[in-house]
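Student: Encoded as structure tokens, here's the structure I'll be asking about.
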Amino acid sequence: IKLVPSLPPVVNGPESIEQLQCALADPVAPSVVFAMQPSQPGVDRHLLLVRVKLLQLDCCVRRKCWSFTTCGMRWVAQDEIVILLEQQSDASTENSVMDELLPPEDIFYHLLSIYEEAMNKHHVIINLGHTVTPGTFLGSTEHGGFLFFRTTFQCVQQLPLPPPPYLVGVLLQRWEIPWAKVFPLRLLLRLGAEFRYYPCPLFSVRKRKSVFGEIGHTIVNLLAAMWKNNQRTTGRDGYA
1046 IKLVPSLPPV
1056 VNGPESIEQL
1066 QCALADPVAP
1076 SVVFAMQPSQ
1086 PGVDRHLLLV
1096 RVKLLQLDCC
1106 VRRKCWSFTT
1116 CGMRWVAQDE
1126 IVILLEQQSD
1136 ASTENSVMDE
1146 LLPPEDIFYH
1156 LLSIYEEAMN
1166 KHHVIINLGH
1176 TVTPGTFLGS
1186 TEHGGFLFFR
1196 TTFQCVQQLP
1206 LPPPPYLVGV
1216 LLQRWEIPWA
1226 KVFPLRLLLR
1236 LGAEFRYYPC
1246 PLFSVRKRKS
1256 VFGEIGHTIV
1266 NLLAAMWKNN
1276 QRTTGRDGYA
């Protein structure tokens, strides 16, 4: 059922927008399942399902986050993906704040693009791999993409995780994309230091300040160019 024009169809439970909002926020109710249809038609193509829940992560990080968990990436040889995005609150009037009541649509369509890249071009994301989001994403041109990694020492007690193997994606700023290309582990550890969460946070925060600035951006671009040139000289294929 397509309850919201901008969101994918819902395949379980809610039959109205109000019921959908309640099901997403209800801590006892199961995750709401959305169905993503690949743009290219085909009889044997599987649907990509995305399970979504609004979680109150009060065990350690004390944040309210949208949880996106894929089901079906395995059909295209891609690890399942988990994204935790902090709920956004906007000042609706001078004295009141309105919380985001529905999951942001951009996450769904970015997950679908990852699925289609793996299905059509056999480009899969691995541990410490990244994606790039062109143009405006999640309401800002400063959001650059995602860096994906495996969980290690982070708390996952309240998270609806898929069966392993899976990857967690953290939202990056545009200044951080060059670091994701060349020094992804260093970037993760820098994010961990910024949020005081070892080794790195599982959740993403929109419109945050970049952990690397323009000077670091210039240096890492130079290193990236040197690394690519070395790959061409030695005749080896590099990972981009």
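For the sequence shown, position 102 matches number 1147 in my numbering, and the numbering has no gaps at all.
No residue lacks a Cβ here, since even glycine has one placed at the ideal position from N, Cα and C.
A quick note: this is a predicted structure, and the numbers were derived from the prediction, not measured.
Around the Cβ of Asp-1089, are there at least 16 other Cβ atoms within 10 angstroms (buried) or fewer (exposed)?
Tutor: Counted from its first residue, the sequence shown places residue 1089 at position 44. Residue placement at Asp-1089 cannot be trusted, given a pLDDT of 49 that sits under 50; what the coordinates show is reported in the next sentence. Looking at its Cβ environment, which holds fewer than 16 other Cβ atoms inside 10 Å, Asp-1089 is exposed.
Student: Starting from Ile-1128, follow its DSSP beta bridges and name the residues at the other end.
Tutor: Translated into the one-based positions of the sequence shown, residue 1128 becomes position 83. Answer by DSSP bridge pairing, in chain order: Phe-1113, Gly-1214.
Student: Taking Cβ to Cβ, would you say Gln-1082 is nearer than 8 Å to Leu-1092?
Tutor: Numbered from 1 along the sequence shown, position 37 holds the residue referred to as residue 1082. Numbered from 1 along the sequence shown, position 47 holds the residue referred to as residue 1092. Closer than 8 Å, so yes.
Student: With a 10 Å radius around its C-beta and 16 neighbouring C-beta atoms as the bar for buried, classify Leu-1065 as buried or exposed.
Tutor: Here residue 1065 refers to the residue found at position 20 when the sequence shown is read from its first residue. When all chains shown are included, Leu-1065 counts as buried.
Student: Apart from the five residues on each side of it in sequence, which residues of its chain come closer than 8 Å, Cβ to Cβ, to Thr-1138?
Tutor: Within the sequence shown, residue 1138 is the residue found at index 93, counting from 1. No answer about Thr-1138 holds up, because its pLDDT of 46 lies below 50 and its placement is not dependable.
Student: Output yes or no for whether 8 Å exceeds the beta carbon distance between Pro-1179 and Val-1215.
Tutor: Residue numbering aside, residue 1179 sits at position 134 when the sequence shown is read from its first letter. Residue numbering aside, residue 1215 sits at position 170 when the sequence shown is read from its first letter. Contact flag unset, no.
Student: When you compare only the Cα positions, how much space is there between Thr-1196 and Tyr-1211?
Tutor: For the purposes of this step, residue 1196 is taken as the residue at position 151 of the sequence shown. For the purposes of this step, residue 1211 is taken as the residue at position 166 of the sequence shown. Using only the alpha carbons, I get a separation of about 9 Å.
Student: Based on Cα-Cα distance, which residue from Val-1095, Arg-1119, Glu-1150, Gln-1218 lies nearest to Pro-1050?
Tutor: Here residue 1050 corresponds to residue number 5 of the sequence shown, with the count starting at 1. Checking every option, the nearest Cα to that of Pro-1050 belongs to Glu-1150.
Student: Is it the case that the Cβ atoms of Leu-1233 and Phe-1153 are separated by a distance below 8 Å?
Tutor: Residue mapping note: residue 1233 aligns to position 188 of the sequence shown, counting from 1. Residue mapping note: residue 1153 aligns to position 108 of the sequence shown, counting from 1. The answer is no: Cβ separation not under 8 Å.
Student: Thinking just about the alpha-carbon of each residue, which of Pro-1072, Asp-1071, Arg-1231 is nearest to the one in Tyr-1243?
Tutor: For this step, residue 1243 is matched to residue 198 along the sequence shown. If we check each option's Cα against that of Tyr-1243, Arg-1231 comes out closest.
Student: CA-CA distance, Pro-1209 and Ile-1170?
Tutor: Position 164 of the sequence shown, counted from the start, is the residue given in the question as residue 1209. Position 125 of the sequence shown, counted from the start, is the residue given in the question as residue 1170. In a straight line, the C-alpha of Pro-1209 is about 15 Å away from that of Ile-1170.
Student: Alpha carbon to alpha carbon, how far is Leu-1048 from Ile-1062?
Tutor: Reading the sequence shown from its first residue, position 3 is the one you call residue 1048. Reading the sequence shown from its first residue, position 17 is the one you call residue 1062. About 6 Å.
Student: Which first and last residues belong to the beta strand (DSSP E) in which Ser-1175 is found?
Tutor: For the purposes of this step, residue 1175 is taken as residue 130 along the sequence shown, with counting starting at 1. Before going on, a small fix: residue 1175 reads as His here, not Ser. First-last of the beta strand (DSSP E) with His-1175: 1175-1177.
Student: What number of angstroms, rounded off, separates the C-alpha of His-1175 from the C-alpha of Ser-1158?
Tutor: Translated into the one-based positions of the sequence shown, residue 1175 becomes position 130. Translated into the one-based positions of the sequence shown, residue 1158 becomes position 113. Those two C-alpha atoms are separated by around 13 Å.
Student: Would you mind reading off the limits of the alpha helix (DSSP H) that contains Lys-1166?
Tutor: Sequence index remark: in the sequence shown, residue 1166 carries index 121 (1-based). Counting along the chain, the alpha helix (DSSP H) containing Lys-1166 begins and ends at 1150-1166.
Student: Which parts of the stretch 1198-1246 are runs of the alpha helix (DSSP H), unbroken and 4 residues or longer, counting only runs that do not cross its ends?
Tutor: For the stretch 1198-1246, whole alpha helix (DSSP H) runs of length 4 or above, ordered along the chain, are 1222-1227, 1229-1240.
Student: Enumerate in chain order the residues of its own chain whose CB-to-CB distance from Leu-1025 is below 7 Å, with the five nearest sequence positions on each side excluded.
Tutor: Outside the modelled stretch of the chain, which goes from 1046 to 1285, sits residue 1025, for which no answer is possible.
Student: Select from Thr-1115, Arg-1096, Phe-1191, Val-1250 the residue whose C-alpha is nearest the C-alpha of Trp-1224.
Tutor: Locating residue 1224 in the sequence shown gives position 179, counting from the first residue. Among Thr-1115, Arg-1096, Phe-1191, Val-1250, the Cα nearest to that of Trp-1224 belongs to Phe-1191.
Student: Taking all protein chains shown into account, decide if Thr-1115 is buried (16 or more other Cβ within 10 angstroms of its Cβ) or exposed.
Tutor: Your numbering for residue 1115 matches position 70 in the sequence shown. Label assigned to Thr-1115: buried.
Student: Which residue wins for smallest C-alpha separation from Val-1056, given the options Cys-1105, Phe-1079, Ala-1074, Pro-1075?
Tutor: Within the sequence shown, numbered from 1, the residue matching residue 1056 stands at position 11. It is Phe-1079 whose Cα lies nearest to the Cα of Val-1056.
Student: Between Val-1121 and Pro-1205, what straight-line distance do the alpha-carbon atoms span, to the nearest angstrom?
Tutor: The sequence position of residue 1121 within the sequence shown is 76, counting from 1. The sequence position of residue 1205 within the sequence shown is 160, counting from 1. Straight-line Cα distance between these residues: approximately 22 Å.
Student: Classify Leu-1052 as helix, strand or coil using the three-state DSSP reduction.
Tutor: Position 7 of the sequence shown holds residue 1052. Note: Leu-1052 maps to coil in three-state DSSP.
Student: Under 8 Å between the Cβ atoms of Gln-1202 and Cys-1104?
Tutor: Indexing the sequence shown from 1 puts residue 1202 at position 157. Indexing the sequence shown from 1 puts residue 1104 at position 59. Yes, the Cβ-Cβ distance between Gln-1202 and Cys-1104 is below 8 Å.
Student: The beta strand (DSSP E) that contains Leu-1069, what's its start and end?
Tutor: Indexing the sequence shown from 1 puts residue 1069 at position 24. Not the beta strand (DSSP E): Leu-1069 falls in the alpha helix (DSSP H), residues 1062-1070.
Student: Just curious, the beta strand (DSSP E) that Phe-1079 is in, first and last residue?
Tutor: Taking the first residue of the sequence shown as 1, we reach residue 1079 at position 34. Per DSSP, Phe-1079 belongs to the beta strand (DSSP E) from 1077-1081.
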